[in-house]
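Just so you know, the sequence shown maps onto residues 1 to 138 in UniProt numbering.
First up is the structure itself, then whatever we jot down about it.
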Amino acid sequence: MMPLMAKETRDDLSRLVKAQRAELGMSLSQVVEASGDPDLNGSWINRLELGQLKEVPKRQRLEALARGLRLPFQLVARAAAAQFMGVESAEPEWSSDGSVQIVVARMNELDAEGRRELAEVAEIFARRFARELADPQE
1 MMPLMAKETR
11 DDLSRLVKAQ
21 RAELGMSLSQ
31 VVEASGDPDL
41 NGSWINRLEL
51 GQLKEVPKRQ
61 RLEALARGLR
71 LPFQLVARAA
81 AAQFMGVESA
91 EPEWSSDGSV
101 QIVVARMNEL
111 DAEGRRELAE
121 VAEIFARRFA
131 RELADPQE
């Protein structure tokens, strides 16, 4: 299937980076340190968050960014493709905050036991949510 091209200016990667950094409570320098890449710098990340970058980041830089922000590389790469090349993923958007995509991408990093445990946790949360919907006064 051919990717869809975006017509408007995109900020997918900028939003993802800014939101994840805020979620983790990390400073720019902490992201740089966590990335393990001596070539990554806080100024570049700041310009990315502000939507001021014009050049497409290289794979190595995206990998470092993903490590620093504890995100799956595929999620970062998709956001970069959307923002810098207008490539729209053919996959549906599962959640507006990206949390579902992160969980699914991380599933591949787990062994069979880890996937089973994560599935059990998801079932527990789903049952709790269903009960809360049925009786909101609890």
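Even glycine gets a Cβ: it sits at the ideal position worked out from N, Cα and C.
On a predicted model such as this, the values are computed, not experimentally measured, just so you know.
Residue i, buried or exposed, once every other Cβ within 10 Å from all chains shown has been counted against 16
i           : result
residue 127 : exposed
residue 133 : exposed
residue 112 : exposed
residue 4   : Residue placement at residue 4 cannot be trusted, given a pLDDT of 48 that sits under 50; the coordinates are not used to answer.
residue 23  : exposed
residue 1   : Residue placement at residue 1 cannot be trusted, given a pLDDT of 46 that sits under 50; what the coordinates show is reported in the next sentence. It counts as exposed.
For residue i, the first and last residue of its enclosing alpha helix (DSSP H)
i           : result
residue 110 : No alpha helix (DSSP H) holds residue 110; DSSP gives it neither H nor E.
residue 18  : 12-24
residue 52  : It is not in any alpha helix (DSSP H) - residue 52 carries neither H nor E in the DSSP assignment.
residue 68  : 59-69
residue 75  : 73-85
residue 40  : Where residue 40 is concerned, there is no enclosing alpha helix (DSSP H), given that its DSSP letter is neither H nor E.
Pair within 8 Å by beta-carbon distance, residue i and residue j
i          : j          : result
residue 76 : residue 62 : yes
Nearest to residue i (by Cα), restricted to the options the options
i          : options      : result
residue 18 : 108, 131, 65 : 65
Inspect the CB distances between the region 11-18 and the region 78-86 and report whether three or more fall short of 8 Å. In short, these stretches touch, since the Cβ pair count reaches three.
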